[in-house]
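Numbering (this note's numbering), first residue to last: 236 to 1204.
For every residue, glycine included, the Cβ atom is placed at its ideal position computed from N, Cα and C.
For clarity, every value in this text was computed on a predicted model and none was experimentally measured.
What follows is one structure encoded as structure tokens, with my remarks underneath.
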């Protein structure tokens, strides 16, 4: 359970943070710190096993027949990344405590941050590839929320949409690649996939799988040509930028490439696709970074470049290149997180990040300046710092891959090194020169604990740079062995390897970078350049915006051609498609032996004729009299319920009857607020032949569609049935589900996951209806009191519904129906309790109880009911969903598949033996959701009677608007 706790803790903390009050800054910070520390403790407890070379696994059965168990897996690579995510996350949380403004909604910030942490841990720890993709897309979703945290800003909204669109699209490609990979291997288990490298590389589908997986990884890690989204993500708060760009979001892509290296690498296709994208990215990102005027923008492009460096190493694919890639991932996380935090301190203290106005900050921020200069030197690859070691390994690998004749990769590496020195010098230029005047705020050193994460990270840069063999090599060895296995090479992280070509390349990069910066500063005036030289036309963000605009225009064009604001043409297109598309796709139907028609019953046929007549009459009357049409459609529903009863399906009949009752009342309430039918529509009169042609066409389509569905239904019914799973349910309902009512056992046991999805959709629909109706205002002609209630000769017209039910002409029905409420509640309990063995269950019981509430609204009106009954339908919905989910989670907690049912046998005095299946609790959740859904839509419709007569700004009172004048909905 340690591994499960490691993933669940951040999500649990996210929920708790979201529930905290707005002013609980310290509590939220301590909660997030506690989650990160607890994760580090759990990770530390796993270290002895990981150090011994073990792979720790935790499996939870989900869909074992499909190879989709929930698997958590930790080896050396996953452990190192886990500790990196948690350690950087802990420092970011501490930093954010002092960075975020008191006016910011901090509960939302920490809820999103912890959710993102949990998603990233899920990616790192997943032992199943499909499960990995789920967490992968969760990182896209939570990063969207984090980037758009300041949603009042247009740049934040734009950056969040761009990041989500690119990374989520890449995630879909990754899902397709994972499915292809699972098809090749025959399993989605990570261990099985990693062991099947030779089979994967020899398969005909290797290249499609590689391209799809590469698209997922390259989009996530902002590699060319998908690099444009990362600079726009700078609209996020600086703690988010520090976390996303150092240890999490953008590292997910390169982590995936390293993770799947044993299965996919070792081919020319791998080298050209991965290595080619990396080379383009490292050069473009480093060059563009030099000309940025925003501190965070410079760091964003430098991140793109360093990710390109890591991707190049992975693309080279030699064992030593993988060692260098993992090493640089760790080094980049330390110096880049510290640099983003330093940039945030500068912004926090000066009020700006503009490189053109910032200068001389070492006078006001001496400690921050020192820390930022050291971290920038690590980014530039200065000796005795961690960045120098991994960059020198990078230079060595470019020499190896090029050999004695091909030097282009080495030239590209040196050019990237020069650019990195140049943009590092530009970053630290803000600390030198005369102090800037006219800054938005007078800068001073930040609070001690805000600076502490930067100090710790810079110290790590120094320690690794001076003593790598003691500080980082043991951890690096764990990750390397877990990735390469027996192919792990011998390597030496010594600071000094003598005079060699990699050292010469490092010196050339340092000297050349300084010279380049001096030339650009003196002769090209960096501060005045608004565009990047040479490549300013290669604007990926503009290409993205143009593409999205063209997609929008294409959708609008398609909507103009095939869409209409009128319902009738849309129905006509659907009916034509129904008649033409299935035959074209299916072809000529196969011949089969039809079952002869037997047992014709004239009573049953007559009942169906009545139902069909009600349906046709309802369709005709819908144009002229809505109430009559609703009554006729209700007749069709009753015939349907009777049909179920005739065919020995009492559960379905009971459910259909209750659904018919509830929907009829709700639709009736809705019809109250529709405008009256418009008898005549102004416009040019059509010739009679056009009218008859249109009506004949519609008649033919309607009759043809009905006959087609009738023929299809008949063909299915008379076709000899093949073996079905019905016998399985009949035989196993009592022994496997603890009940003799097969329908109810099917819903709450065998197919309870489907039921969980259905009640979730039901709750979503109810909330949507409620949200829409809260903004709905009736048409002016239907907002007044109905004519039936305005007849002055009727004494009841001067009373509101509550007075009519208390002392008016509805007093007797009022007393009767109020006494009926507890009685119907008992009936609902009765049907609920018997549902596992006899017709009934949570759905039917919920509808019965909802009808009991409905009749109270119909009799006494909205104000009276809500002043006497505190319904709170939202709580019913939430309680029901939580109860249903908790039933599954409890089974999961005890090591059984999600929503597994268990039956307890309890002997009670006087009562005897009781069978208590856990499906009973699940069914109680269904009951609560059904009641909450019905009440929520009822409340939304009923409140229209109050809003219709309320003046702007007037609040609803217990007596209705303006006193006791509320009218019945």
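Rounded separation between residue i and residue j - CA only
i            : j            : result
residue 1199 : residue 1098 : With a pLDDT of 34 at residue 1199, under the threshold of 50, the modelled position of that residue is not reliable, and no figure is offered here.
residue 1205 : residue 283  : Nothing about residue 1205 can be read from this structure; the chain reaches only from 236 to 1204.
residue 1195 : residue 1169 : Since pLDDT at residue 1195 reaches only 38, below the 50 mark, its modelled position is unreliable, and the value read off the structure follows with that caveat. Near 22 angstroms, if we compare the C-alpha coordinates of residue 1169 and residue 1195.
residue 376  : residue 565  : 25 angstroms
residue 1059 : residue 923  : 56 angstroms
residue 894  : residue 539  : 57 angstroms
residue 945  : residue 939  : 10 angstroms
residue 1190 : residue 1053 : Low confidence applies to residue 1190: its pLDDT is 46, below 50, so where it sits in the model is not reliable, and the reading given next is rough at best. Rounded to the nearest angstrom, the two C-alpha atoms are 28 angstroms apart.
residue 308  : residue 362  : 5 angstroms
residue 1122 : residue 1103 : 33 angstroms
residue 858  : residue 865  : 12 angstroms
residue 268  : residue 472  : 18 angstroms
residue 738  : residue 620  : 14 angstroms
residue 418  : residue 1089 : 53 angstroms
residue 883  : residue 876  : 11 angstroms
residue 718  : residue 498  : 11 angstroms
residue 401  : residue 464  : 7 angstroms
Secondary structure of residue i, DSSP reduced to three states
i            : result
residue 418  : helix
residue 723  : coil
residue 678  : coil
residue 1169 : helix
residue 1071 : coil
residue 424  : strand
residue 570  : helix
residue 1194 : Low local confidence applies: a pLDDT of 38 at residue 1194 is under 50, so the model's placement there is unreliable, and no value is given.
residue 304  : strand
residue 363  : strand
residue 589  : strand
residue 452  : helix
residue 298  : strand
residue 1150 : strand
Short Cβ contact (7 angstroms threshold) for residue i with residue j
i            : j            : result
residue 391  : residue 447  : no
residue 1079 : residue 898  : no
residue 482  : residue 394  : no
residue 212  : residue 714  : Any property of residue 212 remains undetermined from this structure, which presents the chain solely from 236 to 1204.
residue 485  : residue 457  : yes
residue 399  : residue 379  : yes
residue 450  : residue 408  : yes
residue 543  : residue 513  : yes
residue 359  : residue 317  : yes
residue 675  : residue 781  : no
residue 552  : residue 536  : no
residue 878  : residue 849  : no
residue 1070 : residue 1166 : no
residue 627  : residue 741  : yes
residue 650  : residue 751  : no
residue 368  : residue 413  : yes
Among the options, nearest to residue i - alpha-carbon criterion
i            : options               : result
residue 1131 : 305, 269, 729         : 305
residue 745  : 659, 813, 797         : 659
residue 236  : 291, 318, 814         : 291
residue 767  : 1153, 528, 936, 238   : 528
residue 969  : 943, 1138, 319, 1086  : 1138
residue 668  : 1159, 1140, 847, 594  : 594
residue 1141 : 896, 1151, 1112, 1133 : 1151
residue 350  : 977, 680, 320         : 320
residue 666  : 445, 585, 1111        : 585
residue 661  : 403, 452, 590         : 590
residue 811  : 1057, 1133, 976, 943  : 943
residue 683  : 835, 1067, 908, 580   : 580
Residue i Cβ short of 6 angstroms to the ligand FAD heavy atom set
i            : result
residue 1128 : For the ligand FAD, the structure offers nothing, since it holds no ligand at all.
Exercise for the section: Pair every Cβ in the region 604-611 with every Cβ in the region 530-548, then say whether three or more of these pairs are closer than 8 angstroms. Expected result: No contact exists between the region 604-611 and the region 530-548.
>> Tell me whether the region 268-275 and the region 309-327 touch, counting them as touching only if at least three CB pairs, one residue from each stretch, are closer than 8 angstroms.
In response: The region 268-275 is in contact with the region 309-327.
Q: Could you say if the region 902-911 and the region 763-777 meet the contact criterion of at least three C-beta pairs nearer than 8 angstroms?
A: Judged by pairs of C-beta atoms under 8 angstroms, the region 902-911 does not touch the region 763-777, as fewer than three such pairs exist.
Check: Are the region 629-649 and the region 717-730 touching by the rule of at least three beta carbon pairs closer than 8 angstroms?
Finding: Under the 8 angstroms Cβ criterion, the region 629-649 does not count as touching the region 717-730, having fewer than three qualifying pairs.
- [ ] Report yes or no: do three or more beta-carbon pairs, one from the region 697-705 and one from the region 336-343, lie closer than 8 angstroms?
- [x] The region 336-343 and the region 697-705 do not touch, with fewer than three beta-carbon pairs separated by less than 8 angstroms.
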